[in-house]
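Only one structure is covered here, and it is reproduced in the block below.
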Amino acid sequence: MSLPQIQDGWFSAAELASLALPGLPGTERGIQLCAARESWPHRPRQGRGGGREYPISALPAKARAALARRDLTPDPEPPPRPPQDPRDFAGWQRAAFEARLALLAEADRLLALGLAASERQAALVLAEAARTDTLRSALAALVPLANQRGGKSGSRTLSARSVQRWFDERRRAGTAALAPKAPPPRRQNAGWEAPFLRLWARPGKRSVAEICRSADLQRLLPAGVAAPSAEAARRLLKSLSPQERALGRIGPRGMLALRAYRMRDTALLSPGDIYTADGKTFRAWVRNPLSGHPFKPEIVTVLDVKTRRAVGWSAGLAESASVVTDALRHAVIGAGIPAIWYTDNGPGFDNETLDDPLVGLLARLGITNMDSLPDRSQSRGIIESFQRQWNAAAKTLPAYLGRDLDKDAARALIKKVRADYRQGGRSEAVMAWDLFLRFIDDTLADYNARPHRGLPRMVDPESGRRRHMSPDEAWAAARADGWEPLMISAEEGADLTRPYAVRRTRRALVDLFGNQYFAPELEEFHGDEVAVGYDIHDAARVWVRQLDRTPDAHRVGRLIAVARWDGHRTDYVPVSVRDQARERRHAAAIKRLDDKRERIEAERTGGQEALQAPAADSPPATAQVVSLSPRETPAIKEASEPTPTFAAPDGPRPRFSDDYSWARWLLANPDRWLPTDTQWMRKLTRRWDFRELAPLNGIDLAGLEDLAERPPAAGAQSQDAQDRRTDTTCDAINS
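So for the sequence shown, the working numbering puts the first residue at 8; every next one is plus one.
Spelled out as structure tokens, the structure:
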């Protein structure tokens, strides 16, 4: 340790305390008390601050000896500062580094031209030129950057001492030593950081201000530590990396968007090497081909990875195995068999129809199945990016109902479509199914003809400008270079793309989906397993093939027979796979309606018993209007009493539990129609749900429509109670 500046062998109390000499107190106040107690000689301190100074002779012997030894030991040279790596320079460090290099280069030029005899003289020349504004403008602009000190007025100039120091640093450690030293990172350690981050790293995503004023933070803080201000907490978060800030607030799947990724290159692929497919819910209403009701269909699209060309598609009610299989069939017949089928493991793609190693469609076509990792949509970026085409296409339709649609516009559209269906059973705003299929074809044709940024550039033959190729052009260019797809004929495609299932024969019969199929050729295969191919649109026949089992592979073999549906089952009409699924869906829908009606009846009956017990001779109660929500229109009306018995010339009318029993009674009693019956049945027969469920409830829809169009029987009178019942039921169902 170097000694303080000594004035004629005198020390101040502060200087003696800093030396930590043996036999003396270690504080300035302790030195002063010791000097007063031992009556040390002293003199007034010279310079700023005043005070007293004490001579060396007044110190104890141990202190004087230690001071003498320390005075004889030279201070070690400070170790040279290791130069920083230029790659680690911050922006301000690099600017100062480059400015100092430029100024030293000017000093070297002065030395080389003989305008300065030494480095010190060159430094003086530069400093004088900077002070008198005679330095070249380019170098003058570098002076503030090299100094890193502009003073309060920004006019502080270059000094010869600074230039000489830069010479010395360059000579000692190289040019990298010219960069100013970066200050150590500021580490906040006030005690509240860990509790704050513990509350911040929660998926609830509370705001900074809310956490800072919360009682949760107060409970987690150590004793004596105050809660931080919102601004201090924001500074802490700003010092963290984006990944550290997001940790805990989002899950592993969301963190993928903040992490590094690898780009897959398709340069070494050929067309047809990989087909990728995915399903997408169309964001516009389309008319259901079965019920006519508006719904959002599912579209499965198949793309060729190399050319980005849409090679196949299919559409249906949901992403099911039949829709995915049909999309693959369309792609194989139209564009050839791929080597790899790359998809996710969604419900439509993970099924035995495609994946079964023996009778699966992929195995029979020789296609290798490859699934992406769960929750890794980035790995299928090509098909995921393509799905935006369907969003743009849906926005061109009047029945678009995407997330970005204005809420008022969506409410108006829903109200209009519902009104149209109540009045006529259909709406012009909802596209018909056959038109929708043509719309898909036109959309994909337009996509294939547009330039794609993922494809190479070419010179446009019409404009002469360079642009990206379109998928169709990339496909055609590959064929022009000699590549040809592996095509199959339509007959082969019909057989190869037909789904198969493994079944065991029994007395020349095979069972499939509850149907039994017979062929005499199957008798000799009694008890053997066979492959049964079927058409999801036609259940009248199946294709039965042998199973070729070898140690290396199992494949579908030769055709045994085409077995036809026979009279071995109770049904007189064959039921296809699609018809069975449709019947199950209809049965479930009817059951839900029945359950809902029973709940409403139970609530009504229970409410009546709780409110009052009507007298035996009391008149029937009128209907009440119950508003479930002031914002919903129209209001739903609910009858608070059972429907009264209506008197008629031929006797009382029965009570009807629902619209279907009412309609059946009117069909059986055509001469007892009231005007309100005619009014309501005209409305009821135009509703799509009643038209779909009426045949299932034993109602002749055509006969009911004819009766509703004729005038009521002469003498029939409408009763007020019946009118109230009809209006109540209309409002409840229409809403």
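Think of the CB as a built atom: it goes at the ideal place given N, C-alpha and C, for glycine as much as any other residue. All values derive from a computational prediction rather than experimental measurement.
Would you tell me roughly how many angstroms separate the C-alpha atoms of residue i and residue j, rounded to the nearest one?
i: R371; j: L566; result: 14 Å
i: I447; j: R433; result: 22 Å
i: M438; j: R445; result: 11 Å
i: L756; j: R205; result: Because the chain is modelled from 8 through 742, residue 756 falls outside the range shown and cannot be assessed.
i: L23; j: P229; result: 41 Å
i: M494; j: V339; result: 7 Å
i: A21; j: R59; result: 10 Å
i: F697; j: A400; result: 33 Å
i: A346; j: I390; result: 17 Å
i: E648; j: L673; result: Only weak support is given to the placement of E648: the predicted model assigns it a pLDDT of 38, under 50, and the value that follows is read from those uncertain coordinates. Cα to Cα, the separation comes out at about 22 Å.
i: R71; j: R50; result: 19 Å
i: R418; j: L700; result: 27 Å
i: P651; j: P661; result: Note that P651 has pLDDT 38, beneath the 50 cutoff, so the model's placement of it is unreliable and the number below is only indicative. Using only the alpha carbons, I get a separation of about 9 Å.
i: A547; j: A515; result: 16 Å
i: S19; j: Q128; result: 40 Å
i: T692; j: G286; result: 36 Å
i: G279; j: D713; result: 59 Å
i: E4; j: R694; result: Beyond the ends of the chain as shown, which are 8 and 742, falls residue 4; an answer cannot be given.
i: K644; j: P405; result: Summary for K644: the model assigns pLDDT 39, below 50, so the residue's position carries little reliability, and this model does not support an answer.
i: L117; j: E126; result: 9 Å
i: G258; j: L111; result: 54 Å
i: R107; j: R241; result: 36 Å
Pull up the DSSP beta-bridge partners for residue i, would you.
i: R50; result: E60
i: L566; result: R552
i: T350; result: D378
i: W669; result: W669 pairs with nothing; no bridge assigned.
i: R301; result: Inspection of the sequence shows that residue 301 is occupied by Pro rather than by Arg. Answer is R294.
i: A322; result: I306
i: L254; result: I257
i: Q523; result: D518
i: H593; result: Beta-bridge pairing links H593 to no other residue.
i: Y407; result: A291
For the beta strand (DSSP E) that residue i lies in, which residues bound it at each end?
i: Y541; result: 536-542
i: E469; result: No beta strand (DSSP E) contains E469, which DSSP labels as neither H nor E.
i: T288; result: 281-288
i: D518; result: 516-519
i: R510; result: 507-511
i: W490; result: Per DSSP, W490 belongs to no beta strand (DSSP E) and is neither H nor E.
i: S770; result: Because the chain here runs from 8 to 742, residue 770 falls outside it and cannot be looked at.
i: R474; result: 473-475
Our contact map puts residue i next to residue j with C-beta atoms below 8 Å; I'd like the distance itself, whole angstroms only.
i: V539; j: A508; result: 5 Å
i: K303; j: T288; result: 5 Å
i: L324; j: L368; result: The Cβ separation is near 21 Å, so there is no contact.
i: D488; j: N455; result: With 8 Å as the limit, D488 and N455 do not qualify as a contact, their Cβ atoms being about 19 Å apart.
i: A208; j: R172; result: That belief does not hold up - the Cβ atoms of A208 and R172 are roughly 47 Å apart, past 8 Å.
i: A4; j: L224; result: Since the displayed the chain opens at 8 and closes at 742, residue 4 lies outside it and no answer follows.
i: A328; j: N358; result: 4 Å
i: R505; j: D542; result: 7 Å
i: V309; j: G319; result: 4 Å
i: V132; j: L120; result: Actually they are not in contact, since the Cβ atoms of V132 and L120 sit about 11 Å apart, beyond 8 Å.
i: V165; j: A109; result: Contrary to the premise, residue 165 reads as Leu rather than Val in this sequence. Not confirmed; about 12 Å, so no contact.
i: A167; j: E176; result: The pair is not a contact, with the Cβ atoms about 15 Å apart (cut-off 8 Å).
i: A97; j: A180; result: 19 Å between Cβ atoms; not a contact.
Let's see if you can read the secondary structure: which residues bound the alpha helix (DSSP H) around residue i?
i: S434; result: Per DSSP, S434 belongs to no alpha helix (DSSP H) and is neither H nor E.
i: H337; result: 328-342
i: F446; result: 440-456
i: E305; result: No alpha helix (DSSP H) contains E305, which is instead part of the beta strand (DSSP E) from 305-311.
i: F203; result: 200-207
i: F104; result: 98-119
i: R316; result: Looking at the DSSP string, R316 is not in any alpha helix (DSSP H), and its letter there is neither H nor E.
State buried or exposed for residue i, treating a residue as buried only when at least 16 other CB atoms are found within 10 Å of its CB.
i: Y349; result: buried
i: W292; result: buried
i: I597; result: exposed
i: K422; result: exposed
i: P637; result: Caution applies to P637, whose pLDDT of 35 falls short of 50 and renders its modelled position unreliable; the model cannot decide the point.
i: I607; result: exposed
i: S496; result: exposed
i: R143; result: exposed
i: V466; result: exposed
i: Q39; result: buried
i: A114; result: buried
i: M476; result: buried
i: S352; result: According to the sequence shown, residue 352 is Asn rather than Ser. It counts as exposed.
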